[in-house]
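Structure record follows, encoded as structure tokens.
Residue numbers (full-length UniProt numbering): 1 to 292.
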């Protein structure tokens, strides 16, 4: 009986010693893991702020894009810290990295369309083919830019409608930006009758353009006969204005030219077709009416 008590005491002491050793060993691991988590969290936030501030110093980098890359740096650093902490407890980090890679691939395949929009949004924010407040046209989408996001771009159409366009639809097509350059050329084409005075028509058009203060002196305006149409002689006038004055100037110019042509007897003919009839074969043509 005494022998069994001694064996039990020895076994208990051995178990306590082993538990104490494990507690000391894992306590250091736990303390180290907590320190790594704290330092990693602090460093990830610091790197994120540095990335955000540094990108904002680069010309052409948008605030949205700077925040996106700052978050990428932060969460990338946190993932690295998390894998390092698991390594402190003897976990095989290689298998974790492989699992994360497989999960990333699966997520990427599942969100292929969304990632395509993100990639297009990054390119739009970096290259800046348009900015907020500019009017664009892609052939299928047109409107004034309201906001450029990572996934989609918000526009307002000329008739006051809201339009949301995925970034991939704006990146893969030619874009015409009507607001980017400071000046624009207006082309006014007018058809006059063949019997009308071409020089007078050009003079009237030039006088109206030269009298408008919104028409720029340089580049100089010009007029020329563009073509000889079926029913009219086409006269073209080119002049330049500021982009903001393009629409009001062009609309007023068309009205003034039309009114002046009417006052000076210059016609703007509409398409006409003249048919010449012939008498049937073997029948005499009808005689012209005789004057009394």
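We treat Cβ as the ideally placed atom computed from N, Cα and C, and that holds for glycine.
If you're wondering where the values come from, they're calculated on a predicted model, not measured in any experiment.
One thing to note: residue 239 has its Cβ no nearer than 8 angstroms to the Cβ of residue 257. In the DSSP assignment, residue 163 is bridged to 155. According to the DSSP assignment, residue 217 belongs to no alpha helix (DSSP H), since it is labelled neither H nor E.
For residue 200, there is no enclosing beta strand (DSSP E); the residue is part of the alpha helix (DSSP H) that begins and ends at 198-211. Per DSSP, residue 181 has no beta-bridge partner at all.
Within the same chain, and ignoring the five residues on either side of residue 194 in sequence, the residues whose Cβ sits closer than 7 angstroms to its Cβ are 233. Apart from sequence neighbours up to five positions away, the residues of its chain that approach residue 48 with a beta-carbon distance below 6 angstroms are 70, 73 and 74, ordered along the chain. Per DSSP, residue 173 lies in no beta strand (DSSP E) segment and is marked neither H nor E. Fewer than three pairs of CB atoms, one per stretch, sit closer than 8 angstroms, so the segment 156-164 makes no contact with the segment 176-190. If you look at residue 263, you'll find it in the alpha helix (DSSP H) that goes 246-263. In the pairwise beta carbon analysis, the segment 147-161 is classified as not touching the segment 207-222: fewer than three pairs are separated by under 8 angstroms. Straight across, the Cα-Cα distance linking residue 58 with residue 51 is about 11 angstroms. The three-state reading of DSSP puts residue 38 in helix, counting H, G and I together. Distance from the CA of residue 196 to the CA of residue 177, rounded to the nearest whole angstrom, comes to 39 angstroms. For residue 140, there is no enclosing beta strand (DSSP E), since its DSSP letter is neither H nor E.
Closest by C-alpha distance to residue 254, out of 264, 209 and 241, is 209.
In this structure, the straight-line span from the alpha carbon of residue 54 to that of residue 67 is close to 11 angstroms.
Inter-residue distance for residue 82 and residue 37 is about 7 angstroms (C-alpha atoms, whole angstroms). For the pair residue 200 and residue 266, the CB atoms are nearer than the 8 angstroms cut-off. Between the beta-carbon of residue 152 and that of residue 166 there is about 5 angstroms, and that keeps the pair under the 8 angstroms contact cut. Around the CB of residue 117, 16 or more other CB atoms lie within 10 Å, so the residue is classed as buried. Following the DSSP letters along the chain, one finds residue 227 inside the beta strand (DSSP E) bounded by residues 222-228. It is roughly 6 angstroms from the alpha-carbon of residue 138 to the alpha-carbon of residue 174. Between residue 141 and residue 124, the C-beta spacing is not below 8 angstroms. If you draw a straight line from the Cα of residue 227 to the Cα of residue 211, it is about 26 angstroms long. By the C-beta density criterion, residue 244 is exposed, having fewer than 16 other C-beta atoms within 10 angstroms. For residue 239, the enclosing beta strand (DSSP E) begins and ends at 233-242. Distance from the Cα of residue 169 is smallest, within the candidate group 250, 114, 223 and 242, for 114.
By the neighbour-count definition (other C-beta atoms within 10 Å, threshold 16), residue 171 is a buried residue.
Classified as buried, residue 204 has 16 or more neighbouring CB atoms from the shown chains inside 10 Å of its CB.
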